[in-house]
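Just so you know, the sequences run in chain order S and U.
Sequential numbering of the first sequence, starting at 216, is according to this note's numbering.
Sequential numbering of the second sequence, starting at 24, is according to this note's numbering.
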Amino acid sequence: MTEVKSPEVPAPSAAVPSELTPEPNRWSRVRPFLPLAVLAVALILPYSTLHLPGIFEGALNSPGTLQLLAVCLVFGGLAAGYDLLFGRTGMLSFGHALYFAAGVYGTDILITRAGLPLWQAAPLAIVGGAILAGLLGAVALRTVGIAFAMVTLAFAQVGAILVARDFGGLTGGEEGLPLDVAGLPDALVGVTNTVNLYWLALAYLVVVVFVVHRVSGSPTGRVLAGLRDDERRIGVLGLDPYRFKLVAFTLAGGLAAAGGAVYCLIVGGASPHITSSELTLSLLVMVVLGGPGTRWGPVLGGILYMYLDHRLVSFGSSDAVDALPAFLSRPLSQPLFVLGTVFILAVYFFPGGLASLAPRLALLRNSVRPGTRRER
Amino acid sequence: MDAVILLTLTGLGLAALYFLVASGLSLVFGLADVLNFAHGLFLGVGAYATWWAAGNLPGAGADGFGFVVAVAFGVAAGTLVAVLVELVLIRPLYSRTIEQVLVTVGLSLAGVALLQATWGADARPFPRPEWTRQVTSILGAQVPNGGLLLIVAATLVLGAILAFLRWTRYGLIIRAGVENREMVTALGIDVRKAFTLVFAIGGAAAALAGALGSVYFGTVSPQQGGSLLIFAFIVVVIGGMGSVVGSAYAAVAVGLLQQFVNYYGTSGLGDICVVALLAVVLLLRPQGIAGKVATA
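Following this line, the structure appears as structure tokens:
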């Protein structure tokens, strides 16, 4: 059988190479500014008319591409928020889709059915999502581990049933609920304004990364990491694990609801598939593919997953795949088959996800290159 | 009165379906600590294998003895897949629970997509024996035979599993392993063989649920397993993890509650009541109705 060697908890990506190379090189001085550079590139991206054939269908500033990018960014943020639970606190929640859906449907219903303007609807939906997470978390957190996962899954299933059965005619049932654009500011309506939605998604991602980073760096974040590693020890220290977990759960729920509000604007409505348990499973896949507990891993994982999920459909129907025999081309045309397989392989061979790739490569490089300071 | 009897029996039919899925899930969870998300896949494999056998396998068919052969083929296929999953995917990650759960998550996504790629996303009509389409008159209520078949099958499976656990050596190891795995391992007994066995039993029960459930519903679709799985999870939590008898009680409670509320209330309300029941059980007794306080 395959021997899988891995650290139990993936190390922060930045720490390992700097220890291995005691002499600070130019790269390590530039490194802290790298996210800012990426952010700057992401900000000016819509001004580019670059064509990337094979990667995107239209030019970078075409509405289709921008919408795809915006969806990817929202899911990058969503995965980062989910990682607050999974990677940083060690809580395996299978119901995160519920709070995302609360944001999507909350915003949509408040604008379309209640006629509220966006600046009232979105905050209400976000606060509502956080309160919902607090209430359900208070019940679910009475269990631990796998039982907690099952209970959150069950609660999320209620959300899916409520949406699908269309109680009170609010959600539109199977058809979904298109967003009434009358309640929106003009800058967010129409194909030509997709660029504003893109920036909104980028802003959401930045906010989530900032919040998660601040929380995990704070004393509370250290307690959360302690809960992940050994919950009993936190209890022995006189701290209440339940309360800290509930705080993390509520915060993550609020962040997911905020993502839902942005997503609702980007896709222009709500559809019942976002309430499915498959979405939470996808979030888990994103985080694990990216690298749980790291700052950029979940973001990268979320962006990459959503990109592949969209692009694999057209890849599956491309000529190159069609030319393959049926037993190959049919599974390859199913994005979830490809992503599920990649995920299983990643669990085996890349336990730290994408974020562990850089330190692994650095280790490899250092051990291959002769005359470096590996020997002590 | 007729309605009450009918609802009771259809509710028990539903409970039988839940129990068939939940029993394996509960044993796997109790012994290996693995929440098996791929369990719904075993159900799908069983359903599609039965469906395929009824049409293609010589000697199998939709009626009489041929139907028994088709179901046996489906159960064998589900068992085989479950054993392969345990040997190839779960075993290399021995005692790394979270990774094991993650692998089953990936498998549930990929496996359902594979079923969908092979047989399409739409539901297909399921070949079922003529007599399962008919109804039996019990105390004035017209009860569909497909549901009765499920109840009989689940009762037999419950009896078989309990007999196996009580009177065989491996049953003893499994019972002891659910109680305290470390202790069993420390005594020099290879729990991993018991893992494989439990996966095989669970896979067989789930595949049977797939085959008979498809007879009951009349169609087979790739998503069937997933939607049943969530209620099976609820049954496992309410019943107390690792307890087969607890799963049986919980399945009956969930099936009846769902059926009665869905009939007398609005459709869909029953599903919500089931989750409310789950919340109440968790608040009053976090370890489930048959669970032990120490393992909660």
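Each residue gets a CB set at the ideal place from its N, CA and C atoms; glycine is no exception.
Using the C-alpha atoms, what's the distance from residue j back to residue i?
i, j, result
"residue 135 of chain U", "residue 398 of chain S", "40 Å"
"residue 97 of chain U", "residue 69 of chain U", "4 Å"
"residue 275 of chain U", "residue 409 of chain S", "52 Å"
"residue 302 of chain S", "residue 504 of chain S", "12 Å"
"residue 418 of chain S", "residue 254 of chain S", "10 Å"
"residue 332 of chain S", "residue 548 of chain S", "41 Å"
"residue 258 of chain S", "residue 414 of chain S", "7 Å"
"residue 171 of chain U", "residue 36 of chain U", "6 Å"
"residue 186 of chain U", "residue 297 of chain S", "44 Å"
"residue 89 of chain U", "residue 493 of chain S", "37 Å"
"residue 360 of chain S", "residue 81 of chain U", "47 Å"
"residue 508 of chain S", "residue 79 of chain U", "50 Å"
"residue 343 of chain S", "residue 317 of chain S", "8 Å"
"residue 575 of chain S", "residue 567 of chain S", "10 Å"
"residue 247 of chain S", "residue 273 of chain S", "33 Å"
"residue 122 of chain U", "residue 114 of chain U", "11 Å"
"residue 310 of chain U", "residue 500 of chain S", "29 Å"
"residue 269 of chain U", "residue 313 of chain U", "5 Å"
"residue 244 of chain S", "residue 251 of chain S", "14 Å"
"residue 292 of chain U", "residue 284 of chain U", "6 Å"
"residue 205 of chain U", "residue 179 of chain U", "32 Å"
"residue 42 of chain U", "residue 472 of chain S", "35 Å"
"residue 273 of chain U", "residue 544 of chain S", "43 Å"
"residue 254 of chain U", "residue 457 of chain S", "27 Å"
"residue 375 of chain S", "residue 526 of chain S", "26 Å"
"residue 306 of chain S", "residue 151 of chain U", "44 Å"
Can you have a look at residue i and say buried or exposed, based on whether 16 or more other CB atoms are within 10 angstroms of its CB?
i, result
"residue 383 of chain S", "exposed"
"residue 460 of chain S", "buried"
"residue 264 of chain U", "buried"
"residue 546 of chain S", "buried"
"residue 564 of chain S", "exposed"
"residue 305 of chain U", "buried"
"residue 270 of chain S", "exposed"
"residue 411 of chain S", "buried"
"residue 289 of chain U", "exposed"
"residue 400 of chain S", "exposed"
Take residue i as the anchor and find which of the options has the nearest alpha-carbon.
i, options, result
"residue 467 of chain S", "S:427, S:454 and S:494", "S:427"
"residue 367 of chain S", "S:308, S:292, S:567 and S:249", "S:308"
"residue 485 of chain S", "S:385, S:291 and S:343", "S:385"
"residue 250 of chain U", "S:371, S:290, S:481 and S:472", "S:371"
"residue 280 of chain S", "S:267, S:292, S:291 and S:290", "S:267"
"residue 263 of chain S", "S:450, S:319 and S:278", "S:278"
"residue 454 of chain S", "S:558, S:473, S:472 and S:434", "S:434"
"residue 159 of chain U", "U:308, U:25 and U:310", "U:25"
"residue 71 of chain U", "U:201, U:247, U:309 and U:113", "U:247"
"residue 422 of chain S", "S:510, S:481, S:457 and S:436", "S:510"
"residue 144 of chain U", "U:245, U:252 and U:63", "U:245"
"residue 149 of chain U", "U:257, U:312 and U:77", "U:77"
"residue 550 of chain S", "S:542, S:521 and S:561", "S:521"
"residue 109 of chain U", "U:180, U:58 and U:201", "U:58"
Could you name the residues of chain S that residue i contacts, counting a contact when the two beta carbons are closer than 8 Å?
i, result
"residue 298 of chain U", "369, 370, 372 and 373"
"residue 290 of chain U", "380"
"residue 24 of chain U", "The premise fails here: residue 24 of chain U is roughly 29 Å from chain S at the closest Cβ pair, so nothing lies under 8 Å."
"residue 295 of chain U", "373, 376 and 377"
At a CB-CB cut-off below 8 Å, which residues of chain U make contact with residue i?
i, result
"residue 549 of chain S", "136, 137, 139 and 140"
"residue 364 of chain S", "58 and 124"
"residue 487 of chain S", "Near residue 487 of chain S there are no residues of chain U at all, since even the closest Cβ is about 13 Å away, more than 8 Å."
Chain S partners of residue i, CB-CB under 7 Å?
i, result
"residue 302 of chain U", "354"
"residue 271 of chain U", "Within 7 Å Cβ-Cβ: nothing; residue 271 of chain U doesn't reach chain S, min ~18 Å."
Just confirm the distance between the C-beta atoms of residue i and residue j, as a whole number of angstroms; I'd bet it's less than 8 Å.
i, j, result
"residue 65 of chain U", "residue 105 of chain U", "5 Å"
"residue 315 of chain S", "residue 474 of chain S", "6 Å"
"residue 130 of chain U", "residue 267 of chain U", "The pair is not a contact, with the Cβ atoms about 24 Å apart (cut-off 8 Å)."
"residue 47 of chain U", "residue 226 of chain U", "7 Å"
"residue 463 of chain S", "residue 347 of chain S", "About 15 Å separates the two Cβ atoms, so there is no contact after all."
"residue 101 of chain U", "residue 230 of chain U", "2 Å"
"residue 73 of chain U", "residue 237 of chain U", "7 Å"
List the residues of chain U that residue i touches, going by C-beta distances under 7 Å, in chain order.
i, result
"residue 288 of chain S", "Simply none; closest approach about 23 Å."
"residue 492 of chain S", "253"
"residue 324 of chain S", "In chain order: nothing, as chain U lies at least about 18 Å away."
For residue i, which residues in chain S fall below 9 Å Cβ to Cβ?
i, result
"residue 166 of chain U", "Going along chain S, no residue has its Cβ under 9 Å from residue 166 of chain U, so there is no contact; the nearest lies around 26 Å."
Tell me whether residue i, by its Cβ, gets closer than 8 Å to a heavy atom of the ligand ZN.
i, result
"residue 490 of chain S", "In terms of ligand content, the structure shown is empty, and the ligand ZN therefore cannot be addressed."
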